[in-house]
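Numbering (my numbering), first residue to last: 128 to 217.
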């Protein structure tokens, strides 16, 4: 699976790498796992509902999620945060 990151998300991850290296490394690990096996159990991939029904989400930790749109073999990640932050209406 090819992974693309939204420009805003890239900036957030740059800040995260300086602020919380442990979480940043977990993000990297989960994205690498997703690229190799997007159906891996530990990612807890699931479709969102309501106004976000075209989107999906993976788990980074128990409380942190990343949301993305999938088009064929490409995943476009655009948000990271807690459950409530990521699943808020866009």
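C-beta: ideal position from N, C-alpha, C; glycine also.
* Round the Cβ separation of residue 185 and residue 170 to the nearest angstrom and send it over; I've been treating them as touching at under 8 Å. => 4 Å
* From 200, 196, 198 and 192, residue whose alpha carbon lies closest to that of residue 209 -> 192
* Asked: Short check: CB of residue 196 to CB of residue 181, under 8 Å?
  -> Contact flag set, yes.
* Asked: To which residues of the same chain is residue 157 closer than 7 Å at the C-beta, ignoring the five residues directly before and after it?
  -> 170, 185 and 187
* I think residue 183 touches residue 167, with their Cβ atoms under 8 Å apart; what is that distance to the nearest whole Å? -> No, residue 183 and residue 167 are not in contact; Cβ-Cβ is about 14 Å, not under 8 Å.
* To do: Could you name the residues of the same chain whose beta carbon sits closer than 6 Å to that of residue 213, not counting the 5 residues immediately before and after it, in chain order?
  => 192, 194 and 206
* residue 129 beta carbon less than 8 Å from that of residue 201 -> yes
* Asked: Using DSSP with H/G/I as helix, E/B as strand and the rest coil, what is residue 181?
  -> Shown here, residue 181 sits in coil according to DSSP, grouped into three states, outside any helix or strand.
* To do: In the DSSP assignment, find the alpha helix (DSSP H) that holds residue 133 and state where it starts and stops.
  => First-last for residue 133: undefined, no H or E at that position.
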